[in-house]
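Heads up, the sequence shown is in the UniProt record's numbering, so the first residue is 1 and it goes up one at a time.
Backbone N, C-alpha and C define an ideal beta-carbon position, used for all residues, glycine too.
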Amino acid sequence: MAWMHRRPSLSLSKSPDTTLAKSNTELSPMREGKALRPSSHRVDGTNLLASEIFWRDHYLQLMEKGYVLRRRYEPTWEASWKSKDNNDSYWLYEDGQMIPEHGMLDATCTKDCQVVTLRRIPRGSATELQTHRHLLESAPDGVDLKAKDNIVPILDEFQFSDEDLDTIIVMPYLRPSSDPSCETVQDVVKFLESAFKGLQYMHQCGVAHGRCNLPKCASIMMDPRPIFRELPHFVNMQKSRDFKRDVKGSRAEAGDRVTYYWVNFAHAVSERAAMKQPQRDDETAPQDAFAKDAFDLGSMVWSNFIEDTQHLKFLIPLVQSMKDLDASKRPDMDEVVKQFSELLHSLSPDDMKKKVSASSSGISDFLSGLLRKN
Numbered sequence: 001m002a003w004m005h006r007r008p009s010l011s012l013s014k015s016p017d018t019t020l021a022k023s024n025t026e027l028s029p030m031r032e033g034k035a036l037r038p039s040s041h042r043v044d045g046t047n048l049l050a051s052e053i054f055w056r057d058h059y060l061q062l063m064e065k066g067y068v069l070r071r072r073y074e075p076t077w078e079a080s081w082k083s084k085d086n087n088d089s090y091w092l093y094e095d096g097q098m099i100p101e102h103g104m105l106d107a108t109c110t111k112d113c114q115v116v117t118l119r120r121i122p123r124g125s126a127t128e129l130q131t132h133r134h135l136l137e138s139a140p141d142g143v144d145l146k147a148k149d150n151i152v153p154i155l156d157e158f159q160f161s162d163e164d165l166d167t168i169i170v171m172p173y174l175r176p177s178s179d180p181s182c183e184t185v186q187d188v189v190k191f192l193e194s195a196f197k198g199l200q201y202m203h204q205c206g207v208a209h210g211r212c213n214l215p216k217c218a219s220i221m222m223d224p225r226p227i228f229r230e231l232p233h234f235v236n237m238q239k240s241r242d243f244k245r246d247v248k249g250s251r252a253e254a255g256d257r258v259t260y261y262w263v264n265f266a267h268a269v270s271e272r273a274a275m276k277q278p279q280r281d282d283e284t285a286p287q288d289a290f291a292k293d294a295f296d297l298g299s300m301v302w303s304n305f306i307e308d309t310q311h312l313k314f315l316i317p318l319v320q321s322m323k324d325l326d327a328s329k330r331p332d333m334d335e336v337v338k339q340f341s342e343l344l345h346s347l348s349p350d351d352m353k354k355k356v357s358a359s360s361s362g363i364s365d366f367l368s369g370l371l372r373k374n
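Set out below in structure tokens:
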């Protein structure tokens, strides 16, 4: 079986079942104050959501650490649109942009004025941070260390006090890897190369990610700087960070300079002895965590890059093998990376430039046909 070779183990303080139970969306309760709950209150932007209270209450402490949040999270903030008698259009204002989840927020580093991403790791989720550090600091002999570049780096980390045991990690400014979407075969190849090699590296380090099939490739984020001439807003990527200008990303200008990172290790599993044996089941086929990663990643590639696209048919045999319900027939990530590399040799420079969007290509072909007739 492809999955039977030995991997290094990571000794964790919690069992895999405990780790899996810690959902990123199930963070510790908001202890610092009451927040507006959209399910029972009208959301008009003037009240902070539950996901925002923590950041407001730690605004000054974050400044002491060298990180400035957006105006919305200042302790004395008042909605800018209230004085303009425009209460129903809060989303048109920068300080009306709300974050929907507890864990992440953008900030500006006072030391170098760089925009970064802050991630809150709540008390009781030390395993996530331990796993993240392990992937950045420990690599088995013989592993390609360049693959570690596909794991999001930790630029800084700190706690506010002995009483507040939540940890803040500082990462590069990250945005969804699917926005803007890949335009050419080259764009897709760059993304998949990072995805495959990053997961291969994790497996070689004895870590299964556990969430490879989130919607819109959410477990893999990107540094948007090569795509955007001006950094987009953290919430609304069609606007500048000060909300004064429209911004638009260009994959064409970025070429292959986009950097993708695996993120969010809250569901990582690393103790292979606790995993179930692979079994065939139409609904929950892969039970082994490493095999499940390959299955989920294959499913993500299929739904995001093969369905409703064109010029990516060369990926189908590989992706179908990753999605095989019989885990003993499914390739491990070493084999996936090898097969992917072999597939790339069959692509010409012209192949790499082809548009993958079926709709945009259809319009182009239609217009080309009209020109030929005329």
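Beta carbon of Ile227 nearer than 8 Å to that of Ser250 = yes
Euclidean distance between Cα positions of Arg211 and Asp293 = 7 Å
Residue environment, Leu92, which counts as buried when at least 16 other CB atoms sit within 10 Å | exposed
Going along the chain, which unbroken runs of the alpha helix (DSSP H) with 4 or more residues stay wholly within the segment 129–214?
-> 185–204
Please report how far the alpha carbon of Gln62 lies from the alpha carbon of Ser178, in whole angstroms.
-> Looking at the sequence provided, one finds Leu at residue 62 rather than Gln. Going by the C-alpha atoms only, they are around 30 Å apart.
Put Ser357 into one of helix, strand or coil per three-state DSSP.
-> strand
Look at Ala291 and Ala268 and say whether their C-beta atoms are less than 8 Å apart.
-> no
Best match in Gln130, Tyr201, Pro349 for proximity to Asp149 [C-alpha to C-alpha] = Tyr201
Return the CA-CA distance between Leu318 and Leu231, expressed in angstroms with no decimal places.
-> 36 Å
Cβ-Cβ separation, Val301 to Thr184 (assumed contact under 8 Å), whole Å | Thr184 to Val301, Cβ: 16 Å. No contact.
If you drop the 5 nearest sequence neighbours on each side, which residues of the same chain put their C-beta closer than 6 Å to that of Asp223?
-> Pro172, Thr259
How far does the beta strand (DSSP E) with residue 375 in it reach, from first residue to last?
-> As displayed, the chain neither begins before 1 nor continues past 374, which places residue 375 out of reach and without an answer.
Does the Cβ of Gln186 have 16 or more other Cβ atoms within 10 Å, making it buried, or fewer, making it exposed?
-> buried
Keeping to the same chain, check which residues put their C-beta closer than 6 Å to that of Arg72; ignore five residues upstream and five downstream.
-> Asp95
Three-state secondary structure assigned by DSSP to Ser15 | With a pLDDT of 37 at Ser15, under the threshold of 50, the predicted position of this residue should be treated as unreliable, and no value is reported.
Whether Leu297 touches Val189 by CB criterion (8 Å) | no
Going along the chain, which residues of its own chain have a beta-carbon closer than 6 Å to the beta-carbon of Lys329, five neighbours each way excluded?
-> none
Compute the Euclidean distance between the alpha carbons of Leu192 and Leu60, then round it to the nearest angstrom.
-> 40 Å
Cα separation between Arg46 and Trp55?
-> For the record, residue 46 in the displayed sequence is Thr; it is not Arg. Going from the Cα of Thr46 to the Cα of Trp55 covers about 16 Å.
Keeping to the same chain, check which residues put their C-beta closer than 6 Å to that of Gln159; ignore five residues upstream and five downstream.
-> Thr167
What does a CB cutoff of less than 8 Å around Thr110 pick up in its chain, not counting 5 residues either side in sequence?
-> Met63, Gly66, Tyr67, Val68
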